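Chains A and B are the protein sequences, given in the same order. Position one of the first sequence corresponds to residue 1 (our numbering), numbered consecutively onward. Position one of the second sequence corresponds to residue 1 (our numbering), numbered consecutively onward.
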Amino acid sequence: MTSIPRRASRPVLAAAVIGTFALALGACGGGGGSGDSGGDESVVIGYTGPLSGGGAAYGENVQTGLQMAVDDLNKDGLEVDGKKVTIELKSLDDKYAPSTAASNAQRLADQDKAPVVVSPNAGAIKAIQQINDGRSKFMISAYTSDPAIVQSDNPLTMMIPPNFESYAKPFTEQGMKHGGKKLAFLGTQSEYGQQWTKAITDEWKKANGKIGADNSIDYATVSDFAGPVSKALSEKPDSIFVGGPSQPTALIMEEAKKQGFKGSFLVMDQAKLDEMATVTKLKNLTNSVGVLPVKEYKDPGTKDFLKHFAEVAGDKKVATSETALNYQSIAIIAKAMEVAGTTSDPEKIRAAVPDALSKVDDKYKVNGFPTEISDQGHLVNPDLDITYLNKDEKYMKVPVDQVSDTK
Amino acid sequence: MTLFIQQLFNGVALGGVYCLAAIGLTLVFGVLRIPNLAHGSLYMLGAYVTYFFLTTVGVPYVAAIGIAALVLFVLGVLLERLVFHPLRNSPHTHHMIAAIGAMFFFQAVAQAIWGADFRRMETPLSGSLHILGAEISAQRIVIIVTAIVVLSLLTWFIKRSIHGQTIEAIEQDRTGAALVGINPAMVSMLTLGLSALLVTIAAGLVSPINLLSPTMGDSLNLKVFAIIILGGLGSLPGAIVGSFALAIAETMTSTYISSAVGEAVAFVVLVGVLAIKPTGLFAKAVQR
């Protein structure tokens, strides 16, 4: 053993450990809403999402939208059943783990009496659906495009974004039109990425296209995209399916163009073309089909929302549908509380959503505002568009025929 | 054939990055006898500090990597002094717990300072070279060249300089080295500092072809552990051979079998080595 005398400086160690914890706690506790209540009554809207770890950027985008809506609604003043109500957003970190999300949701409903809990991930929502209609009742404001969450017939679920299956057909048509019949897959290996891969494969085959090998990669662990891109291009595809988080997707498309790819890209809805343009030049992203950027929407509140977003998040960040759609949905929920005349009964609030939709103030309509809610609880905007980013770097709108949520 | 050459170059460039990261880890294991699980987060911090000097302060690319490497050297020294040194007489599990704590701490700090968003580091090096029909970008050539230069310098440092020789002496026999007047505490600090410096160079080189995020070190962490176990814990030649072998195996299986298999190769190798030859390819005399 070593000759060093054994007088390990325990106080120093203890101080270091305590200091570390204190700093770590300080660093983690940045999120969450403030707890001051100015009105007669206050209501908590709960949020459980990934606020640390790999999904943190996504979780924060959602949180920004929620917080912006809460701030705006409080400024306008919300009145429920004759009383002034202040909304408070309470956020908890679930690190993308469904089990943590479920216990967070339970905590928000029990301790904070939240009538509504927001969750931005299909797995977590499925877990929360096990507990929101039993002993404790609360509504789930569900931000996922996976239709499985409305197929489960949970009476207190409100699904916010469009069903991703609606995109498969127009993506296939546009992809073939601007590329060709042969498709290569370079999507992400996440569960959602695989669902997309399957949906596109089915549509592409239906349109008599040819499918190459599945080169899906894990966008989070691959350190150099050049290899997978070279491999996908070696099959000489006319179109490539890509998509995961925006920024790595942008790098893959840039690399493909650098290696001489001239065909079209099908960009999964998780990646947003305008957000991708923050890490590469827009010309590296052209000839691609994707979801329409928020700034291309012509809703009455879009312009002011973008201005407000730039003040909150800085002008380097791009407002995506994660932020915008959650902003809208909180306004819908607040209006539903007003219509239902209660902040505590989730069943009445959910039942008031159809009436509330037409009463929401124009300023909260920012990203294809829904005009109806399906019986299963899916908010629907009948005029859904996707976009084709052409070679002149212009976003062209392409209308979408939405598919049914039922299996 | 072109695809093969293209992927070979991609594999060698990736190997250079793995190598710079793995060498430091194996040195730390040799001297401190601890698996530094915070190594990947030092890599992540190295990338962010380089990004800070390059983008926010505005110094040139190479200087940014240099300054960041020095900053991380100091951080490595502090990590040894404040976290591992006080635990030197505790059971080994304490080191691992402390290292994991440091890892989460560094990630939380990075997220607090730079946010959870992906960031892109622009490099002044653009353009590419055509070799035998394959297209190799300038950045990848720089990675390969830098890896070779840094490894040569490191070998010279360890074999020829007094401070470097003390590292090797401690690796070989801690008590004996202490008896002839080498201060193990100093050498431990120097080694962790050096490992942080090397991993920062790796991070600075790879960042322009990838993205920065607070969790970018996680996947690298697992791979470099597989590498040093493959090469033999504490062995420098083992880490070098292991890095290039694993990187090339990874790119080639991704190319000719599938990407999913390519990502799994590191762990198949890891399990294989542990089952068949647990001491690794270049086993050092097992001490104590």
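A virtual CB, placed ideally from N, CA and C, is assigned to each residue, including glycine. Since this is a predicted model, take the numbers as computed values, not measurements.
Beta-bridge pairing of L357 of chain A - partner residues as DSSP gives them: Bridge partners of L357 of chain A: none, in fact.
Environment of W156 of chain B [buried if 16+ CB atoms lie within 10 Å]: exposed
Three or more C-beta pairs below 8 angstroms linking the stretch 54–69 of chain B and the stretch 88–105 of chain B: no
Below-8 angstroms beta-carbon distance, D117 of chain B vs any chain A residue: yes
Own chain, CB closer than 7 angstroms to K407 of chain A, minus 5 neighbours either side, in chain order: Q151
Element boundaries [beta strand (DSSP E), containing T166 of chain B]: T166 of chain B -> not in any beta strand (DSSP E); alpha helix (DSSP H) instead, spanning I162 to Q172.
Cβ neighbour criterion (16 or more within 10 Å) applied to E393 of chain A: exposed
Residues that N415 of chain A contacts on chain B, provided the C-beta gap is smaller than 9 angstroms: Nothing about residue 415 of chain A can be read from this structure; chain A reaches only from 1 to 407.
C-beta neighbour in chain B for S91 of chain A, strict 8 angstroms: no
Within-8 angstroms CB hit, N326 of chain A to chain B: no
Where the stretch 196–223 of chain A meets chain B: residues whose CB sits under 9 angstroms from a CB there: A213, D214, N215, S216, I217, D218, A220, T221, V222 and S223
Three-state secondary structure assigned by DSSP to K307 of chain A: helix
Per-residue DSSP class, three states only, for D71 of chain A: helix
Contact with chain B by P245 of chain A, beta-carbon distance below 8 angstroms: yes
Backbone secondary structure at F282 of chain B - three-state DSSP: coil
Limits of the unbroken beta strand (DSSP E) element including H378 of chain A: Looking at the DSSP string, H378 of chain A is not in any beta strand (DSSP E), and its letter there is neither H nor E.
Contact with chain A by S259 of chain B, beta-carbon distance below 8 angstroms: yes
When B:R120, B:V149 and B:Y48 are compared against A110 of chain B, the one with the closest alpha-carbon: B:Y48
Closer than 7 angstroms at the beta carbon, the chain A residues around N221 of chain B: Here the premise fails: no neighbours, minimum Cβ distance about 11 angstroms.
Residues that G82 of chain A bridges to, as DSSP identifies them: DSSP, once it has assigned bridges, lists no residue as partnering G82 of chain A.
Cα-Cα separation between A271 of chain A and L281 of chain B, rounded to whole angstroms: 43 angstroms
Euclidean distance between Cα positions of T166 of chain B and T197 of chain A: 55 angstroms
Any 3 or more C-beta pairs closer than 8 angstroms across the stretch 388–403 of chain A and the stretch 336–344 of chain A: no
The stretch 320–337 of chain A touching the stretch 63–78 of chain A, judged by at least three CB pairs closer than 8 angstroms: yes
Three-state secondary structure assigned by DSSP to I243 of chain A: It should be noted that the sequence gives Gly, not Ile, for residue 243 of chain A. Strand at G243 of chain A.
Contacts around G15 of chain B, its chain only, beta-carbon distance under 6 angstroms, and the 5 residues preceding and following it disregarded: S243, F244 and A247
Same chain, Cβ closer than 7 angstroms to L54 of chain B, neighbours up to 5 away in sequence not counted: Y61, A64 and M121
Neighbourhood of A250 of chain A by C-beta, 6 angstroms cutoff - its chain only, sequence neighbours within 5 removed: M276, V279 and T280
Inter-stretch contact (C-beta, 8 angstroms, three-pair minimum) for the stretch 138–146 of chain B and the stretch 198–211 of chain B: yes
Below-8 angstroms beta-carbon distance, P155 of chain A vs any chain B residue: no
Neighbour-count burial assignment, K152 of chain B, 16 or more Cβ in a 10 Å radius: A quick correction: the sequence has Ser, not Lys, at residue 152 of chain B. Burial call: exposed.
Exposed unless 16 or more other CB atoms sit within 10 angstroms - verdict on S161 of chain B: exposed
CB contact flag (I131 of chain A, Q106 of chain A, <8 angstroms): yes
Distance, K210 of chain A Cα to E235 of chain A Cα: 11 angstroms
Pair within 8 angstroms by beta-carbon distance, T50 of chain B and A68 of chain B: yes
Whole-angstrom distance between A127 of chain A and G33 of chain A, CA atom to CA atom: The pLDDT assigned to G33 of chain A is 40, lower than 50, so where the model puts this residue is not dependable, and the model offers no usable value.
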